[in-house]
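Engineer:
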Amino acid sequence: MKKKKLAIVGFVAIALLAPFIAQTFGGNYWVRILDFALLYIMLALGLNIVVGFAGLLDLGYIAFYAVGAYLMALLSSPQLTTQFAELAQLFPSGIHLGFWWVLLIAGPVAALFGVILGAPTLKLRGDYLAIVTLGFGEIIRIFLNNLDRPVNITNGPKGINAIDPVVFFGIDLSKAQELFGITLSPSLMYYYLIMALVIGVVFISFRLQHSRIGRAWVAIREDETAAKAMGINTRNVKLLAFAMGATFGGISGVVFGAFQAFVSPESFVLWESIYVLAIVVLGGMGHIPGVILGGILLVGFQEFLRELAEPVQKMLFGQVYIDAEVLRQLLFGLALVVIMLYRPSGIWPAPKREDRPVTRTGARTRSGTNPLEGGAR
Amino acid sequence: MDIFIQQVVNGLVLGCIYALIALGYTMVYGILGIINFAHGDILMVGALTALSGILGLQYLFPSMPQWLMLVVATLIAMPACAFLSYGIERVAYRPLRNAPRLAPLITAIGISIILQTLAMMIWSRNPLIFPTLLPSSPIDIFSTGAVITGKEIVIIVLSFVVMVGLLLLVNRTKLGRAMRATAESPRIASLMGVNPNFVISATFMIGAALAAVAGVMMATNYGNAHFYMGFIPGLKAFTAAVLGGIGNLAGAMIGGILLGLIEALGAGYIGDFTNDVFGSNYQDVFAFIVLIVVLVFRPSGIMGERVADRA
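Going line by line, the protein sequences match chains W and Z. The opening position of the first sequence corresponds to residue 54 in the numbering used here, with each subsequent residue numbered one higher. The opening position of the second sequence corresponds to residue 13 in the numbering used here, with each subsequent residue numbered one higher.
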């Protein structure tokens, strides 16, 4: 027990010191990478609720991220007031709701989207949810891309810029601040902000996992019929899983919007959803520390490739055959397949067997219509 | 009226392509109960393989008739896709046959990404021009003002031929009987001397060959091919399969053609109905709306008898 506490204290210490170390040795670029790593971890933790706990595949998760980011962009930038004269009269200085209010709004709005999406597939098998979310992920991009006419809401492919930064008790996080003689760069301050949010999300996830709701999710994941027989209201519990996952996605999006000060539909492509899914699957579905590890590993690996892929190829073959971006995609695809085949509960699986999703069953009996009922080899 | 007929023709062409892809989804679903997410990318591989075949033929036998080139290239692409699909089934689906549904879905996504990335590396990152090998001069339909091209006629006729062929295969041959038996109950089928693994492999291969044909048709129709071309049609074909009743062959055909018509007419008239607030760039949204509506009101589709089972 003492060891475990020590490990947690050590981990928190590293996490708190990480940006200073990165700043000293690698410069601001690496601090930004840490920020994005944290953002992806936050997204992955949200997806983990849907995929890991409730066992429902969501392939358009990035759409909720987009909802959050665009809410931030619309409610805290000059975009709407420059487009609509009536609004400009109401808010002469522009709509600047600010990060914290948008954070509060984005959660419920994203949750609503999650519920609307999940509802049609409730009575159906999980695969349908995968397709519907996949479709939604594409549709939302079509809307973001095209809602610049006839009335310009999203500014189309050009995206929205000049989004207000986070202001924390009067401190503008987008400007470098002096504290006890140390200069704090914006990325450094954002790191701690996102870190605080991640800790919040981790805490909520843990509490949810070990609550009545968390156990209900696991029960549904393992066997929905049995869960129903045990008196679980599967409809509400599944909807809650979508809603919770979407909320975290939306909140991450708000942070993304404020941090970047710019959003465009390009940031919300299918590939991003797959990336977040890869973090969850690689780290360990349903295991929160595993998901965090997965996030660190994947973002780290990506940077590693960016730094090394091309020089190494130049050294070995004299020219670059595969650029880092392509190699990364290929390896992620392979990782998804290989992990599912050989280590289905991820790199760092949950210690207790019952916390892991059953990913390979032996002679589990299944309903009659289900093909190849454990026999036919 | 000419606009209406024109949109119906366009919809029919689109619908035939969707129907061919949807057949692959529905056959695999009928037998294994899984959604083969990589199916759309098989179509892309088919189109690009055929493109390479055509370029190769143009180089080797420049005097060959153009339609023959297309036929030969398609005949190269079909087995190529079939074997690719066989490999995918062996590697990504078979080991997970007894696993919960989440597992094959995730491997399928992985395979889909691998295929797209490999295609990007082998062929190109940018759209490639697919040579026009069929007559594409517009023919006026009964002098109504609406036009149809030679290649569109070929696409429509050929897909009907392929569909009838498939129906004959499934309903009249020994393999078809084995497929139907396996779909009914794999265990009983294997007691009756059917080798389910063989049937499943055959199903994947037939589906992939159909996807290859659809891919060549799509590339011919739009005049280009690229590594991302399979994703959206795959999604729509799945919608078509659900619309027709997933697991049902005739349903997939009807669903495909219906979806093509809905999309073409929707994209053609949405501007008029909404006073140009929404334009034809929302075309892709229709399939999605159809999918949601079908899932809410009739998840078993038009032809489906079996209500989609729970969990």
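Just so it is clear, CB atoms sit at the ideal spot from N, CA and C, and this is done for glycine as well.
1) Would P397 (chain W) pass as an interface residue toward chain Z - the criterion being a Cβ-Cβ separation below 8 Å?
2) Does DSSP classify D152 (chain Z) as helix, strand or coil?
3) Using a Cβ-Cβ distance cut-off of 8 Å, determine whether Q230 (chain W) contacts chain Z.
4) Would you list the residues sitting across from Q230 (chain W) in a DSSP beta bridge?
5) G428 (chain W) by DSSP, collapsed to three states: which one?
6) Return the first residue and the last residue of the beta strand (DSSP E) that I158 (chain W) is part of.
7) Kindly indicate the opening and closing residues of the alpha helix (DSSP H) around I160 (chain Z).
8) Assign L181 (chain Z) to one of three DSSP states: helix, strand, or coil.
9) Could you tell me how far apart the beta carbons of G242 (chain Z) and G313 (chain Z) are, in whole angstroms, since I believe they sit closer than 8 Å?
10) Would I184 (chain W) pass as an interface residue toward chain Z - the criterion being a Cβ-Cβ separation below 8 Å?
11) What residue range does the alpha helix (DSSP H) around S317 (chain W) cover?
12) Taking R113 (chain Z) as the reference, which of W:K56, W:F321 and W:D276 has the closest Cα?
13) Which of helix, strand or coil does DSSP assign to F137 (chain W)?
14) List, in order along the chain, the chain Z residues whose C-beta lies closer than 8 Å to that of L387 (chain W)?
15) Can you pull the chain W neighbours of V294 (chain Z), defined as C-beta to C-beta under 7 Å?
16) Taking 8 Å as the cut-off, does the segment 253-262 of chain W touch the segment 80-89 of chain W (at least 3 CB pairs, one atom from each stretch)?
17) Check the Cβ-Cβ distances between A115 (chain Z) and every residue of chain W, and say whether any is below 8 Å.
18) If the cut-off is 9 Å on Cβ atoms, which residues from the segment 107-121 of chain W count as contacting chain Z, listed in chain order?
19) Taking R381 (chain W) as part of the alpha helix (DSSP H), name the residues at either end of that continuous run.
20) Residues of chain Z with a CB under 8 Å from the CB of P173 (chain W): which are they?
21) Using 8 Å as the threshold, is the segment 333-344 of chain W in touch with the segment 201-220 of chain W, meaning 3 or more CB pairs across them?
22) Expressed to the nearest angstrom, what Euclidean distance is found between the alpha-carbon atoms of G7 (chain Z) and G257 (chain Z)?
23) Which residue from W:T134, W:G302 and W:G371 puts its Cα closest to that of F166 (chain W)?
24) Can you list, in chain order, the residues of its chain whose CB lies under 6 Å from that of S202 (chain Z), leaving out five sequence neighbours each side?
25) Specify whether the segment 37-45 of chain Z and the segment 282-299 of chain Z touch according to this definition: at least 3 beta carbon pairs, one from each stretch, less than 8 Å apart.
26) So what does DSSP say about D14 (chain Z), is it helix, strand or coil?
27) Quick check on the burial criterion: 16 or more other C-beta atoms within 10 angstroms. Buried or exposed for G415 (chain W)?
28) Please confirm whether R322 (chain Z) has its beta-carbon closer than 8 Å to some beta-carbon of chain W.
29) Go through its chain and collect everything with a Cβ distance to G188 (chain Z)'s Cβ below 7 Å, but skip five positions before and after it.
30) Going straight from the alpha carbon of Y395 (chain W) to that of Y105 (chain Z), what length do you get?
31) Sorted by chain position, which residues of the same chain lie with C-beta nearer than 7 Å to T215 (chain Z)'s C-beta, five sequence neighbours on each side aside?
32) Please decide whether A249 (chain Z) counts as near chain W, where near means a Cβ-Cβ distance under 8 Å.
33) Note down, in chain order, each residue of its chain lying with its Cβ closer than 7 Å to the Cβ of I121 (chain Z), except the 5 sequence neighbours on either side.
34) Just to confirm the assignment, what range does the alpha helix (DSSP H) spanning L117 (chain Z) have?
35) Restricting to Cα atoms, I'd like to know which of W:N198, W:F370 and W:F385 is closest to Q355 (chain W).
36) Since I believe L247 (chain Z) is in contact with L187 (chain W) (beta carbons under 8 Å), could you give me their beta-carbon distance rounded to a whole number of angstroms?
Structural biologist: The structure says:
1) When Cβ-Cβ separations below 8 Å define contact, P397 (chain W) makes contact with chain Z.
2) In the structure shown, D152 (chain Z) sits in a strand (DSSP, three-state: E or B).
3) The beta carbon of Q230 (chain W) does not come within 8 Å of any beta carbon belonging to chain Z, so the residue lies off that interface.
4) W:L237
5) Confidence at G428 (chain W) is low in this model, with a pLDDT of 36, below 50, so the placement of that residue should be treated as unreliable; the coordinate-derived value is given next. In this structure, G428 (chain W) counts as coil in the three-state DSSP scheme.
6) Premise fails: I158 (chain W) lies in the alpha helix (DSSP H), F152 to G171, not in any beta strand (DSSP E).
7) Run containing I160 (chain Z): none in the alpha helix (DSSP H); it sits in the beta strand (DSSP E), V159 to T161.
8) helix
9) With 8 Å as the limit, G242 (chain Z) and G313 (chain Z) do not qualify as a contact, their Cβ atoms being about 23 Å apart.
10) With a threshold of 8 Å between beta carbons, I184 (chain W) makes contact with chain Z.
11) That residue, S317 (chain W), is in no alpha helix (DSSP H); it is neither H nor E in DSSP.
12) W:D276
13) coil
14) G122 and I126
15) In the sequence as displayed, the identity of residue 294 (chain Z) is Tyr instead of Val. Near Y294 (chain Z) (Cβ distances below 7 Å), the residues of chain W are I195 and N199.
16) no
17) yes
18) G108, L109, L110 and L112
19) According to the DSSP assignment, R381 (chain W) belongs to the alpha helix (DSSP H) that extends over A377 to Y395.
20) I304, L307 and V308
21) no
22) Absent from the model: residue 7 (chain Z). The displayed extent of chain Z is 13 to 323, so no value can be given.
23) W:G302
24) P208
25) In short, these stretches do not touch, since the Cβ pair count stays below three.
26) helix
27) Any reading at G415 (chain W) is ruled out, since the residue's pLDDT is 42, under 50, leaving its predicted position unreliable.
28) Residue confidence for R322 (chain Z) is low, a pLDDT of 36 falling below 50, so the modelled location carries little weight; the figure read from the coordinates is stated next. The beta-carbon of R322 (chain Z) is placed less than 8 Å from the nearest beta-carbon of chain W.
29) L181 and V182
30) 13 Å
31) Closer than 7 Å at the Cβ level, and outside the excluded window around T215 (chain Z), lie M39, V40, I43 and M191.
32) no
33) F49
34) L114 to I134
35) Closest by alpha carbon: W:F385.
36) 6 Å
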